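First up is the structure itself, then whatever we jot down about it.
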Amino acid sequence: MIAANNLSVNRGGRLILDQVSFQAKKGRMLGILGANGSGKTTLLKTVTGFYPYQAGSIEIDGKPLATLKPKERAQRMAVLSQDEHVSFDVPVYEAVALGRYAHQQGLFAVKGKTDDDIIRKAMEETGISDMAERSLLSLSGGEKQRVWLARALAQQPDSLLLDEPTNHLDLARQVALMEHLTKLLASRQLTVVCILHDINLASLYCDDVLLLKNGKVICQGETQSILTRGALENIYGTAFHEWKEPVKGRKQFSVVTRV
Numbered sequence: 036m037i038a039a040n041n042l043s044v045n046r047g048g049r050l051i052l053d054q055v056s057f058q059a060k061k062g063r064m065l066g067i068l069g070a071n072g073s074g075k076t077t078l079l080k081t082v083t084g085f086y087p088y089q090a091g092s093i094e095i096d097g098k099p100l101a102t103l104k105p106k107e108r109a110q111r112m113a114v115l116s117q118d119e120h121v122s123f124d125v126p127v128y129e130a131v132a133l134g135r136y137a138h139q140q141g142l143f144a145v146k147g148k149t150d151d152d153i154i155r156k157a158m159e160e161t162g163i164s165d166m167a168e169r170s171l172l173s174l175s176g177g178e179k180q181r182v183w184l185a186r187a188l189a190q191q192p193d194s195l196l197l198d199e200p201t202n203h204l205d206l207a208r209q210v211a212l213m214e215h216l217t218k219l220l221a222s223r224q225l226t227v228v229c230i231l232h233d234i235n236l237a238s239l240y241c242d243d244v245l246l247l248k249n250g251k252v253i254c255q256g257e258t259q260s261i262l263t264r265g266a267l268e269n270i271y272g273t274a275f276h277e278w279k280e281p282v283k284g285r286k287q288f289s290v291v292t293r294v
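According to our numbering, the residues represented by the sequence shown are 36 to 294, in order.
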């Protein structure tokens, strides 16, 4: 579980997060929604220890974040960033194998059979086993996203944090990725925190949501209770129409045009 209590973050002389509190629970996916500049990415980077915070506290599975060494953080949390830049070319297997670094001793540690088993399981779970020998740079955007997800799973984390994982993916691949996450959530009992721009994907796949506006939590809780026209119009500043999708009866929203 990840817990933040009254978290405040200043960057460049500006208050970016203002007394933010939340809990992300094991076996559930928490979606973070908000307009650009609301503090979503800052919150995720602060929880992972990338950004410092000036007030409040963060606990990972009951342990204060500040007491965890970098390798221990990597063993507990895996991060899938918004834009994973590739500056080198390696086979897909080796890209996924980078996730094992957090569990290895020494800079030039050799991968053993256990590492290999974990790497291949992560690749199987994300549907990229047949890409093991392919060049990383030859992959499409959707294929690379699955490689990064496999690398994150190879860390064997308790928590998975994702910053707009569907960014740059077409609709079919967005749905496929979210369905992968849902299956992994159930099979591995992970804690998943996911920043999303797509309200409808959040409604379909997130168990809980947290709505941010100007660095403050507007509301949070079970997704189908929290996602209302009023709440969304508050944080996005535009009108919405609401309906329910026919399969699971979950809420869906579209922007109401003003012309």
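Every residue gets a Cβ at the ideal spot worked out from N, C-alpha and C, and that includes glycine.
If you're wondering where the values come from, they're calculated on a predicted model, not measured in any experiment.
- Put simply, the backbone Cα of residue 57 is about 20 Å away from that of residue 269.
- In the three-state reduction of the DSSP assignment, residue 234 falls in the helix class, which pools H, G and I.
- Residue environment analysis places residue 176 among the exposed positions, since fewer than 16 neighbouring C-beta atoms fall within 10 angstroms of its C-beta.
- Taking 8 Å as the cut-off, the Cβ atoms of residue 192 and residue 110 count as close.
- Every alpha helix (DSSP H) of 4 residues or more that sits fully in the region 88-124 is shown, in chain order, as 105-111.
- When only Cα atoms are considered, residue 220 and residue 226 end up about 7 Å apart.
- Taking the CA atoms as reference points, residue 149 sits about 46 Å from residue 267.
- For residue 126, the beta-bridge partners assigned by DSSP are 170.
- In this structure, the alpha-carbon of residue 160 lies about 14 Å from that of residue 224.
- Per the DSSP secondary-structure output, residue 150 pairs with nothing in a beta bridge.
- Between residue 63 and residue 112, the alpha-carbon positions lie close to 15 Å from each other.
- For the options 131, 164, 47, 187, the alpha carbon positioned closest to that of residue 197 is the one of 187.
- Check the Cα spacing between residue 90 and each of 108, 46, 65: the tightest is with 46.
- The Cβ atoms of residue 167 and residue 189 lie no closer than 8 Å to each other.
- Between residue 131 and residue 207 the beta-carbon gap is near 23 Å, outside 8 Å, which marks them as no contact.
- Going by DSSP, residue 179 is part of the alpha helix (DSSP H) stretching over 176-189.
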